[in-house]
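Enquirer: In terms of UniProt numbering, the sequence shown is residues 1 to 145.
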Amino acid sequence: MNRSTQNKTDLELRVIGTIKSSIKSLAQAPKQGTEGGINAWIDLEPFVKDAMFRLKTGEKYVILTWLHKADRSCMQVHPRGNPDNPLTGVFGTRSPNRPNPIGLHEVTLLGVQNNPPRLHVTSLEAIDGTPVLDIKPCLHEPQIK
1 MNRSTQNKTD
11 LELRVIGTIK
21 SSIKSLAQAP
31 KQGTEGGINA
41 WIDLEPFVKD
51 AMFRLKTGEK
61 YVILTWLHKA
71 DRSCMQVHPR
81 GNPDNPLTGV
91 FGTRSPNRPN
101 PIGLHEVTLL
111 GVQNNPPRLH
121 VTSLEAIDGT
131 PVLDIKPCLH
141 EPQIK
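(1) Nearest CA to the CA of Leu64: which residue from Arg80, Val77, Val15 and Asp128?
(2) If you measure from the CB of Lys60, is any heavy atom of the ligand SAM nearer than 6 Å?
(3) Is the CB-CB distance between Leu104 and Val62 below 7 Å?
(4) Going straight from the alpha carbon of Asp128 to that of Ile38, what length do you get?
(5) According to the neighbour-count rule (16 or more other Cβ atoms, all chains shown, within 10 Å of its Cβ), is Arg98 buried or exposed?
(6) When we look at the beta-carbon of Ser123 and count the other beta-carbons within 10 Å, is it buried (16 or more) or exposed?
(7) Taking 7 Å as the threshold (C-beta atoms), are Asp50 and Gly17 in contact?
(8) Give the secondary structure of Asp50 by DSSP, where H, G and I count as helix, E and B as strand, and everything else as coil.
(9) Residues in its own chain within less than 6 Å of Lys69 by CB, not counting five upstream and five downstream?
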């Protein structure tokens, strides 16, 4: 199917896991993992267990999440929630409120468990119950801000 005939709604994401965290609400969540992120677990679905092969403790990974509590109708925000900052389109910010609320979280892998499949990570600011979409290695020091 080429792009001209592809239905714009033909997109399928599969949740591969869930964040297990002591952060239970948006009010408790730090703005970034480097600003108070905590050690947390990622409980993975059994169907992705083989994808954990050769993950390395001590290495940095980017966790992609679906920010399920986000306001998808929000298109402009005051960066960092500060009304003194000028109103800015969400594409120019790290606001969780956006049309497709995909979260990016740079973490360090602390441990891997196989049964059930779980990952223990550092510096995670996502709230408990957040769906996980993907995990990717950091190939260089990302500039996620």
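Using N, Cα and C, we set each Cβ at its ideal position, and we do this for glycine too.
Expert: Taking the structure as given:
(1) For Leu64, the nearest C-alpha among the options comes from Val15.
(2) Summarising the ligand content, the structure contains no ligands, and the ligand SAM is consequently not present.
(3) The beta carbons of Leu104 and Val62 sit closer together than 7 Å.
(4) Note on geometry: alpha-carbon atoms of Asp128 and Ile38 lie some 12 Å from one another.
(5) Arg98 comes out buried.
(6) In this structure Ser123 is buried. Its beta-carbon is surrounded by 16 or more other beta-carbon atoms within 10 angstroms.
(7) No; because the gap between Cβ atoms is not below 7 Å, this pair is not in contact.
(8) Helix.
(9) Cβ within range, chain order: Leu26.
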